[in-house]
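Visitor:
Residue numbers (my numbering): 971 to 1254.
1. One question on the structure: do residue 1064 and residue 1103 come within less than 8 Å of each other, judged by their Cβ atoms?
2. So, is residue 1171 buried or exposed, given that buried needs 16 or more other C-beta atoms within 10 angstroms?
3. Strictly by DSSP, which residues pair up with residue 1180?
4. With DSSP run on the structure shown, which of helix, strand or coil describes residue 1015?
5. Quick one: give me the first and last residue of the alpha helix (DSSP H) that residue 1056 is part of.
6. Could you name the residues of the same chain whose beta carbon sits closer than 8 Å to that of residue 1060, not counting the 5 residues immediately before and after it, in chain order?
7. State the CB to CB distance for the pair residue 1184 and residue 1205, rounded to an integer number of angstroms; the pair is presumed to be in contact (CB under 8 Å).
8. Expressed to the nearest angstrom, what Euclidean distance is found between the alpha-carbon atoms of residue 1008 and residue 1027?
9. Would you call the stretch 1088–1105 and the stretch 1156–1170 in contact, with 3 or more CB pairs under 8 Å?
10. Just to check my reading of the structure: residue 1055 and residue 1047 have Cβ atoms closer than 8 Å, yes? What is that Cβ distance to the nearest angstrom?
11. I need the DSSP call for residue 1025, collapsed to helix, strand or coil.
12. Can you tell me which residues form a DSSP beta bridge with residue 1167?
13. Using only alpha-carbon positions, find the residue among 1190, 1137, 1186 that is nearest to residue 1074.
14. Given a cut-off of 8 Å on the beta-carbon distance, is the pair residue 1100 and residue 1196 in contact?
15. Assuming residue 1087 contacts residue 1095 (C-beta within less than 8 Å), just tell me the rounded distance between them.
16. Within 10 angstroms of the Cβ of residue 1053, are there 16 or more other Cβ atoms? Answer buried if so, exposed if not.
17. How long is the line joining the alpha carbons of residue 1248 and residue 1208, rounded to whole angstroms?
18. Just confirm the distance between the C-beta atoms of residue 1081 and residue 1159, as a whole number of angstroms; I'd bet it's less than 8 Å.
19. With residue 1069 and residue 1145 assumed to form a contact (beta carbons below 8 Å), what rounded beta-carbon distance in angstroms separates them?
20. Checking the sheet assignment: what are the DSSP bridge partners for residue 1202?
21. Could you tell me the distance, in whole angstroms, from the CA atom of residue 1110 to the CA atom of residue 1162?
22. Between the alpha carbons of residue 1164 and residue 1174, how many angstroms are there, rounded?
23. Taking the alpha-carbon positions, what's the residue 1200 to residue 1034 distance?
24. What three-state label does DSSP hand residue 1031 in the structure shown?
25. So, at 8 Å on beta carbons, what are the nonlocal neighbours of residue 1166 in its own chain, with the 5 sequence-adjacent residues on each side left out?
26. Cutting at 8 Å between CB atoms, please list the residues of its own chain near residue 1050, excluding the five before and the five after it.
27. Would you decide whether residue 1155 is buried or exposed? Buried here means 16 or more other CB atoms lie within 10 Å of its CB.
28. Would residue 1083 be called buried (16 or more neighbouring beta carbons within 10 Å of its own) or exposed?
29. For residue 1001, which three-state DSSP category applies?
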């Protein structure tokens, strides 16, 4: 029997005896330190793997929550058909503008002959007319660099907020806008709707509108501003019926009531003049 066989037999018969490698690990401080560091490193790796998996799950859950919040805000603050902000977001933006002392102007826009479009071509075509009008207003009043998520809109209010108010009525809230910029915006809306058409087969349906405007005065409520802009819009709508031969869906004009200065319709567009005799026409 060889010496190695004898050592093996002895070791198996006496478990308290150890090999040289075991003795080295127990007696060599460097080896012990190495084994300790190796164990710690493996433990840290396992912890990092677990943490990485946990972080991935948290990121996925966070994205899902963002989508849920965005969907909730869209449902609460945006019109489902047109995608424009609704009255709730209008109220928030108005309150913010009042609190910060911004000058405020409300434009009230009402589509002309919308009932005729619905009755003649069907409600689905009426919906398309509303979408066309909404897209036109959005393109005129929203900056293309506004890319904040839906749920950030209330934190980052826009200076020009187009809103679907009800049915075929829209409101644009202008805040912190200079008179020159406001004049251009009103002119842009006027010009866009004067030529806007919806193609249905071979038929071109004019989609134009009447507009009224009101400049906020200190102490005014949102309801008061909307009512005054609505009165101004009806004044324009009534006057357009007197001259409906050239533009069968009504011409486009507007008034501001009852600010000391305002825009009144002229043959060349809108002029800024003293508004001491603004028309007082109640909606019928």
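C-beta atoms are modelled at their ideal positions from N, C-alpha and C, and glycine is treated no differently.
Guide: So, to answer that:
1. Stepping through the chain shown from its first residue, residue 1064 is reached at position 94. Stepping through the chain shown from its first residue, residue 1103 is reached at position 133. Going by C-beta atoms, residue 1064 is not nearer than 8 Å to residue 1103.
2. Translated into the one-based positions of the chain shown, residue 1171 becomes position 201. Looking at its Cβ environment, which holds fewer than 16 other Cβ atoms inside 10 Å, residue 1171 is exposed.
3. Walking along the chain shown from the start, residue 1180 turns up at place 210. Answer by DSSP bridge pairing, in chain order: 1080.
4. Along the chain shown, one-based indexing puts residue 1015 at 45. Three-state result, residue 1015: helix.
5. Reading the chain shown from its first residue, position 86 is the one you call residue 1056. If you look at residue 1056, you'll find it isn't in any alpha helix (DSSP H); DSSP assigns it neither H nor E.
6. Reading the chain shown from its first residue, position 90 is the one you call residue 1060. Sequence-distant Cβ neighbours of residue 1060 in its own chain, meaning closer than 8 Å and more than five residues away, are 1131, 1133, 1135, 1141, 1143, 1192.
7. As a first step, residue 1184 is located in the chain shown; it is residue number 214 there, counting from the start. As a first step, residue 1205 is located in the chain shown; it is residue number 235 there, counting from the start. Not a contact, Cβ separation roughly 12 Å.
8. The count along the chain shown starts at 1 and reaches residue 1008 at position 38. The count along the chain shown starts at 1 and reaches residue 1027 at position 57. In a straight line, the C-alpha of residue 1008 is about 29 Å away from that of residue 1027.
9. Yes: the two stretches touch, three or more of their Cβ pairs being nearer than 8 Å.
10. Here residue 1055 refers to the residue found at position 85 when the chain shown is read from its first residue. Here residue 1047 refers to the residue found at position 77 when the chain shown is read from its first residue. The pair is a contact, with the Cβ atoms about 6 Å apart (cut-off 8 Å).
11. Position 55 of the chain shown, counting from 1, holds the residue named residue 1025. Reduced to three states, the DSSP call for residue 1025 is helix.
12. To locate residue 1167, count along the chain shown from 1; it is residue 197. Partner(s): 1176.
13. Against the chain shown, residue 1074 aligns to sequence position 104. If we check each option's Cα against that of residue 1074, 1186 comes out closest.
14. As a first step, residue 1100 is located in the chain shown; it is residue number 130 there, counting from the start. As a first step, residue 1196 is located in the chain shown; it is residue number 226 there, counting from the start. Taking the C-beta atoms as reference points, residue 1196 is found no nearer than 8 Å to residue 1100.
15. Start at 1 with the first residue of the chain shown, and residue 1087 comes out as number 117. Start at 1 with the first residue of the chain shown, and residue 1095 comes out as number 125. Indeed, because the Cβ distance is near 6 Å, the residues count as touching under 8 Å.
16. Position 83 of the chain shown, counted from the start, is the residue given in the question as residue 1053. Looking at its Cβ environment, which holds fewer than 16 other Cβ atoms inside 10 Å, residue 1053 is exposed.
17. Position 278 of the chain shown holds residue 1248. Position 238 of the chain shown holds residue 1208. Because the pLDDT of residue 1248 is 35, which lies under 50, any placement of that residue in the model is unreliable, and the number read from its coordinates should be weighed accordingly. The straight-line gap from Cα to Cα measures roughly 15 Å.
18. If you number the chain shown from 1, residue 1081 lands on position 111. If you number the chain shown from 1, residue 1159 lands on position 189. Going by Cβ atoms, the distance from residue 1081 to residue 1159 rounds to 13 Å, so no, they are not a contact pair.
19. Here residue 1069 refers to the residue found at position 99 when the chain shown is read from its first residue. Here residue 1145 refers to the residue found at position 175 when the chain shown is read from its first residue. Contact flag wrong, Cβ pair sits at about 11 Å.
20. Working through the chain shown from its first residue, we reach residue 1202 at position 232. For residue 1202, which the question treats as bridged, DSSP gives no partner whatsoever.
21. Residue 1110 sits at position 140 when you count from the first residue of the chain shown. Residue 1162 sits at position 192 when you count from the first residue of the chain shown. Here the alpha carbons of residue 1162 and residue 1110 stand approximately 9 Å from one another.
22. In the chain shown, counting from the first residue as 1, residue 1164 sits at position 194. In the chain shown, counting from the first residue as 1, residue 1174 sits at position 204. In a straight line, the C-alpha of residue 1164 is about 14 Å away from that of residue 1174.
23. Position 230 of the chain shown holds residue 1200. Position 64 of the chain shown holds residue 1034. Using only the alpha carbons, I get a separation of about 42 Å.
24. Working through the chain shown from its first residue, we reach residue 1031 at position 61. Residue 1031 falls in the helix class under three-state DSSP.
25. On the chain shown, position 196 is the one that residue 1166 refers to. For residue 1166, where only same-chain residues beyond five positions count, the Cβ hits under 8 Å are 1102, 1103, 1106, 1176, 1177, 1178.
26. Walking along the chain shown from the start, residue 1050 turns up at place 80. Short of 8 Å from the beta carbon of residue 1050, and not among the five residues preceding or following it, lies no beta carbon of its own chain.
27. Indexing the chain shown from 1 puts residue 1155 at position 185. Per the 10 Å Cβ criterion, buried.
28. Position 113 of the chain shown, counted from the start, is the residue given in the question as residue 1083. By the neighbour-count criterion, in which a residue is buried when 16 or more other Cβ atoms sit within 10 angstroms of its Cβ, residue 1083 is buried.
29. Counted from its first residue, the chain shown places residue 1001 at position 31. Under the three-state reduction of DSSP output, residue 1001 falls in the helix class.
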